[in-house]
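K.L.:
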């Protein structure tokens with residue numbers, strides 16, 4: 004893909020929060036290649052509400068996968084304080100290219116989302132899968148030549164790892180992402196409409212941009228703008244910075260959010276579009292996280308937000 008998707012891929016990222024905020028860092032280490040990762044299934048308790056404020060729990064879960072870094076494909080999981088339950092929503096967040104999950108979990112993103120959960124009183128799980136396969140631009144797909152199967156990992160294996168026996172209803176499952184991850188979120192939601200009800204895409208593109216030939220001779224089957232008949236009943240939160248000019252193989256990302264929104268609205272699909280100051284990066288994206296959480300919370304069914 005002929006674009007530079009600007010998410011820091013470093014193993015440790017720092018960010019300043021607020022006008023005079025403190026410098027914070029978050030470090031999660033993926034499991035060793037030979038490590039067994041097992042998760043005890045929590046016992047559901049529908050009578051006790053999970054608190055929206057307080058320290059949560061971080062973990063890295065994985066399955067064996069020769070195409071993944073270290074031979075294991077991981078998903079980083081941030082659970083809110085309290086006991087996990089099947090009525091707590093899950094947001095699956097997809098990173099961009101050439102970034103990796105640590106670009107999201109080691110910076111200020113999770114801290115900001117914790118703050119939004121505290122504000123709204125509605126907790127949710129954040130899961131960040133690893134979409135890498137060497138230096139290939141995976142487009143969050145299953146490779147036509149069998150080099151990797153990342154769509155299958157996100158939509159099946161990661162869900163099993165994160166949700167376990169507490170399988171969520173599709174209405175309690177959202178998928179979002181940044182740049183290539185924004186494309187992936189829209190594409191996977193439309194290819195699996197029975198699994199996801201809400202999409203949050205930041206600087207995504209909604210047509211094919213596949214420099215490494217992941218989709219072979221069937222690219223249209225992975226083009227969000229060709230799959231919109233599947234969007235019935237879904238909700239879309241789209242962000243594109245005013246300074247967005249990131250190049251694609253043909254054209255650029257600029258205008259993609261409005262183009263998709265127009266097509267969705269013509270199908271009576273709920274859409275929110277924002278064009279904040281900034282370009283292709285956190286300067287445009289992260290100030291919109293509060294609005295994203297409000298949008299998702301409005302769409303999640305279940306009990307009313309807990310007071311705190």
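Residue numbers (the working numbering): 4 to 311.
Every residue, glycine too, gets a C-beta built ideally from N, C-alpha and C.
Model, not experiment: these values are computed from the prediction.
1. Smallest Cα separation from residue 213: which of 305, 280 and 141?
2. What's the gap between the Cα of residue 78 and the Cα of residue 277?
3. Since I believe residue 206 is in contact with residue 288 (beta carbons under 8 Å), could you give me their beta-carbon distance rounded to a whole number of angstroms?
4. For the pair the region 81 to 91 and the region 186 to 201, tell me if three or more CB-CB distances fall below 8 Å.
5. Rounded to a whole number of angstroms, what is the C-alpha to C-alpha distance between residue 90 and residue 171?
6. Answer with buried or exposed for residue 138, where buried requires no fewer than 16 other C-beta atoms within 10 angstroms of its C-beta.
7. Which of the three DSSP states is assigned to residue 72 in this structure?
8. Classify residue 197: buried if its beta carbon has 16 or more other beta carbons within 10 angstroms, exposed otherwise.
9. Are the region 217 to 224 and the region 259 to 272 touching, with three or more C-beta to C-beta distances below 8 Å?
10. Quickly, what does DSSP pair residue 79 with across the bridge? List them, please.
11. Return the CA-CA distance between residue 147 and residue 136, expressed in angstroms with no decimal places.
12. How would you call residue 203, buried or exposed, if buried means at least 16 neighbouring beta carbons within 10 angstroms?
13. Looking at residue 200: is its Cβ nearer than 8 Å to the Cβ of residue 173?
14. Is the separation between the beta-carbon of residue 323 and that of residue 177 shorter than 8 Å?
15. What is the DSSP secondary structure of residue 296, counted as helix, strand or coil?
16. Could you tell me the boundaries of the alpha helix (DSSP H) in which residue 105 lies?
17. Is the region 58 to 71 touching the region 153 to 167, taking contact as three or more C-beta pairs under 8 Å?
18. Under 6 Å Cβ to Cβ from residue 245, same chain only, skipping five residues before and after it: list those, please.
19. What residue does the alpha helix (DSSP H) around residue 262 start on, and which one ends it?
20. Can you tell me which of the three DSSP states residue 152 falls into?
21. How is residue 238 classed by DSSP in three states: helix, strand or coil?
22. So, using beta-carbon positions, are residue 264 and residue 253 closer together than 8 Å?
23. Can you give the Cα-Cα distance for residue 219 and residue 195, rounded to whole angstroms?
24. At what residues does the alpha helix (DSSP H) containing residue 177 begin and finish?
25. What span of residues does the beta strand (DSSP E) with residue 202 cover, start to end?
26. Pull up the CB-CB distance for residue 117 and residue 59, whole angstroms please, since I reckon it's below 8 Å.
27. Where does residue 110 land, buried or exposed, given buried means 16+ other C-beta within 10 angstroms?
P.N.:
From the atom records:
1. Position 210 of the chain shown, counting from 1, holds the residue named residue 213. Ranking 305, 280 and 141 by Cα distance to residue 213 puts 141 first.
2. The residue given as residue 78 occupies position 75 in the chain shown. The residue given as residue 277 occupies position 274 in the chain shown. If I take the Cα positions, the gap works out to 29 Å.
3. Here the question's residue 288 lines up with position 285 in the chain shown. Here the question's residue 206 lines up with position 203 in the chain shown. Right, their Cβ atoms sit about 7 Å apart.
4. Put simply, the region 81 to 91 does not touch the region 186 to 201. Fewer than three CB pairs are less than 8 Å apart.
5. The residue given as residue 90 occupies position 87 in the chain shown. The residue given as residue 171 occupies position 168 in the chain shown. Roughly 7 Å between the two C-alpha positions.
6. Counting from 1 along the chain shown, the entry for residue 138 is found at position 135. Burial call: exposed.
7. Position 69 of the chain shown, counted from the first residue, corresponds to residue 72. Helix.
8. Indexing the chain shown from 1 puts residue 197 at position 194. Residue 197 should be labelled exposed.
9. no
10. Residue 79 sits at position 76 when you count from the first residue of the chain shown. DSSP lists 63 and 131 as partners of residue 79.
11. Locating residue 147 in the chain shown gives position 144, where the first residue counts as 1. Locating residue 136 in the chain shown gives position 133, where the first residue counts as 1. Straight-line Cα distance between these residues: approximately 14 Å.
12. Here residue 203 refers to the residue found at position 200 when the chain shown is read from its first residue. Label assigned to residue 203: buried.
13. Residue numbering aside, residue 200 sits at position 197 when the chain shown is read from its first letter. Residue numbering aside, residue 173 sits at position 170 when the chain shown is read from its first letter. In this structure, residue 173 lies closer than 8 Å to residue 200 by Cβ.
14. Examination of residue 323 is not possible in this model, given that the chain is present from 4 through 311 alone.
15. For the purposes of this step, residue 296 is taken as the residue at position 293 of the chain shown. Residue state, collapsed to three classes: helix.
16. Here residue 105 refers to the residue found at position 102 of the chain shown. That run of the alpha helix (DSSP H) goes 105 to 108.
17. yes
18. In the chain shown, the residue the question calls residue 245 occupies position 242. Same-chain partners within the cutoff: 278 and 280.
19. Here the question's residue 262 lines up with position 259 in the chain shown. Where residue 262 is concerned, the enclosing alpha helix (DSSP H) stretches over 259 to 268.
20. Along the chain shown, read from residue 1 onward, the residue named residue 152 stands at position 149. In this structure, residue 152 counts as strand in the three-state DSSP scheme.
21. On the chain shown, residue 238 is found 235 positions in, with the first residue counted as 1. Strand.
22. To locate residue 264, count along the chain shown from 1; it is residue 261. To locate residue 253, count along the chain shown from 1; it is residue 250. Contact: no.
23. Working through the chain shown from its first residue, we reach residue 219 at position 216. Working through the chain shown from its first residue, we reach residue 195 at position 192. Rounded to whole angstroms, residue 219 to residue 195 spans 20 Å at the Cα level.
24. The residue given as residue 177 occupies position 174 in the chain shown. Per DSSP, residue 177 belongs to no alpha helix (DSSP H); it is in the beta strand (DSSP E), 176 to 181.
25. By one-based count along the chain shown, residue 202 stands at place 199. Unbroken beta strand (DSSP E) run through residue 202: 201 to 205.
26. As a first step, residue 117 is located in the chain shown; it is residue number 114 there, counting from the start. As a first step, residue 59 is located in the chain shown; it is residue number 56 there, counting from the start. Between residue 59 and residue 117 the Cβ distance is about 7 Å, and since that is below 8 Å, they are a contact.
27. On the chain shown, position 107 is the one that residue 110 refers to. When all chains shown are included, residue 110 counts as buried.
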